[in-house]
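Participant:
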Amino acid sequence: EAIVPWFSLCEVIEPHYPKAGNGRPPIGLERMLRIHFIQHWFNLADLACEEALYDSANLRRFAGIDLGRESAPHATTLLRFRRLLETHQLTRVLFETINQHLASQGLLLKEGTIVDATLIAAPPSVKNREGKRDPAMHQAKKGNQWHFGMKAHIGVDATSGLVHSLVGTAANVADVTQVDQLLHGAETYVSGDAGFTGVAKRAQHAERDVIWSIAARPSSYKQHREGSVLYRVKRKIEYDKAQLRAKVEHTFQVIKVHFNHRKVRYRGLEKSTAQLFSLFGLANLMLATRHLQRAV
4 EAIVPWFSLC EVIEPHYPKA GNGRPPIGLE RMLRIHFIQH WFNLADLACE
54 EALYDSANLR RFAGIDLGRE SAPHATTLLR FRRLLETHQL TRVLFETINQ
104 HLASQGLLLK EGTIVDATLI AAPPSVKNRE GKRDPAMHQA KKGNQWHFGM
154 KAHIGVDATS GLVHSLVGTA ANVADVTQVD QLLHGAETYV SGDAGFTGVA
204 KRAQHAERDV IWSIAARPSS YKQHREGSVL YRVKRKIEYD KAQLRAKVEH
254 TFQVIKVHFN HRKVRYRGLE KSTAQLFSLF GLANLMLATR HLQRAV
């Protein structure tokens with residue numbers, strides 16, 4: 004209750020939420036939002052979430068469901084709520100609302116941004132109704148291994164480690180092409196790994212007055228004799244850059260380890276990106292938990 008800004012989140016959905024009419028009254032908005040978050044926290048499909056609500060007294064208590072008076076929402080009700088959020092692009096608005104809440108608590112600053120991207124797998128199987136893989140997804144090579152799916156490109160506040168911008172693309176889209184959508188414009192410096200080499204020379208950044216702290220490719224310092232002064236200096240510089248960039252990995256850990264989101268759940272880039280906005284918004288709240296608890 005102290006961490007999630009329930010009132011503000013419900014406020015942005017309410018204009019689009021069904022109103023009571025002559026038929027069955029709609030389930031309370033906050034209850035549906037709580038169940039929607041349960042699905043993301045525990046990586047549950049609609050039917051699995053319905054079953055979990057019947058199985059777990061803790062989940063029912065969190066959602067405000069009393070089985071002595073009512074049943075848990077049906078899986079199709081959860082599906083309709085998710086489609087409502089997707090249709091009106093409300094997951095992006097929820098993400099922005101969460102960030103506004105965190106900014107009001109002094110957590111999101113504008114001094115620097117760390118940019119990065121992570122691959123999220125998609126089912127490569129063609130055993131489906133269309134007999135082909137998801138056309139919105141693509142394959143990309145990372146190291147010596149090929150991956151099929153999408154990329155989540157994020158911009159992270161360099162001080163707090165919280166995500167302030169997000170773009171979803173197919174896996175074969177180069178990281179460096181999405182940087183202009185990941186910056187809020189008030190940065191004094193931008194940090195990124197070697198995948199962003201050459202970003203400062205791109206036309207869309209010609210007018211930006213920022214310091215680009217981009218990791219050097221290993222070949223740039225391996226050409227020097229190992230153990231030499233120049234080699235050690237370059238390695239120390241890269242180590243310092245890596246320490247700054249490490250904050251971006253905390254968010255990826257929450258998404259992939261705590262929320263277990265290693266593979267897209269829905270077909271299509273639009274639906275998968277909509278889910279990512281919810282996931283990264285919730286990840287921000289999780290990373291900010293200690294600060295928000297102290298603020299109460």
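Quick note: the sequence shown uses the working numbering, first residue 4, plus one each step.
In this text, a Cβ means the ideal position worked out from N, Cα and C, and glycines have one as well.
In this text the structure is predicted, and so the values were computed from the model without any measurement.
From this set, Q207, A209, S194, A174, which residue's C-alpha is nearest W215's C-alpha?
Facilitator: In the sequence shown, counting from the first residue as 1, residue 215 sits at position 212. The option with the nearest alpha carbon to W215 is S194.
Participant: In the structure shown, what three-state DSSP assignment does V182 receive?
Facilitator: The count along the sequence shown starts at 1 and reaches residue 182 at position 179. Of the three classes helix, strand and coil, the one that applies to V182 here is helix, per DSSP.
Participant: What's the gap between the Cα of R220 and the Cα of T200?
Facilitator: Start at 1 with the first residue of the sequence shown, and residue 220 comes out as number 217. Start at 1 with the first residue of the sequence shown, and residue 200 comes out as number 197. Straight-line Cα distance between these residues: approximately 8 angstroms.
Participant: Between the segment 237 to 245 and the segment 95 to 110, do three or more beta carbon pairs fall short of 8 angstroms?
Facilitator: no
Participant: According to DSSP, K145 sits in a beta bridge with which residue or residues?
Facilitator: Taking the first residue of the sequence shown as 1, we reach residue 145 at position 142. The partner list for K145 (beta bridge, DSSP) reads Q148.
Participant: Looking at D174: is its Cβ nearer than 8 angstroms to the Cβ of H150?
Facilitator: The sequence position of residue 174 within the sequence shown is 171, counting from 1. The sequence position of residue 150 within the sequence shown is 147, counting from 1. First, the residue type needs correcting, since residue 174 is Ala and not Asp in the sequence shown. The answer is yes: Cβ separation under 8 angstroms.
Participant: Is F280 near L169, with beta carbons less than 8 angstroms apart?
Facilitator: Sequence index remark: in the sequence shown, residue 280 carries index 277 (1-based). Sequence index remark: in the sequence shown, residue 169 carries index 166 (1-based). Cβ distance < 8 angstroms, so F280 and L169 count as in contact.
Participant: Ordered along the chain, which non-local residues of its own chain (more than five positions away) have a Cβ less than 6 angstroms from that of G277?
Facilitator: Sequence index remark: in the sequence shown, residue 277 carries index 274 (1-based). The residue you asked about is not Gly; residue 277 is Ala in the sequence shown. So the qualifying residues of the chain are E89, T94.
Participant: Is the separation between the beta-carbon of L165 and that of L290 shorter than 8 angstroms?
Facilitator: Translated into positions along the sequence shown, residue 165 becomes position 162. Translated into positions along the sequence shown, residue 290 becomes position 287. Cβ distance < 8 angstroms, so L165 and L290 count as in contact.
Participant: Are there three or more Cβ pairs, one per stretch, closer than 8 angstroms when the segment 119 to 137 is compared with the segment 33 to 43?
Facilitator: no
Participant: So what does DSSP say about G158, is it helix, strand or coil?
Facilitator: For the purposes of this step, residue 158 is taken as the residue at position 155 of the sequence shown. In the structure shown, G158 sits in a strand (DSSP, three-state: E or B).
Participant: Please state the DSSP three-state secondary structure of D58.
Facilitator: Position 55 of the sequence shown, counting from 1, holds the residue named residue 58. D58: helix per DSSP, three-state reduction.
Participant: For M289, which of helix, strand or coil comes out of DSSP?
Facilitator: Within the sequence shown, numbered from 1, the residue matching residue 289 stands at position 286. In the displayed model, M289 falls within a helix according to three-state DSSP.
Participant: Using a threshold of 8 angstroms, state whether the C-beta atoms of D196 and D137 are closer than that.
Facilitator: Sequence index remark: in the sequence shown, residue 196 carries index 193 (1-based). Sequence index remark: in the sequence shown, residue 137 carries index 134 (1-based). No, the Cβ-Cβ distance between D196 and D137 is not below 8 angstroms.
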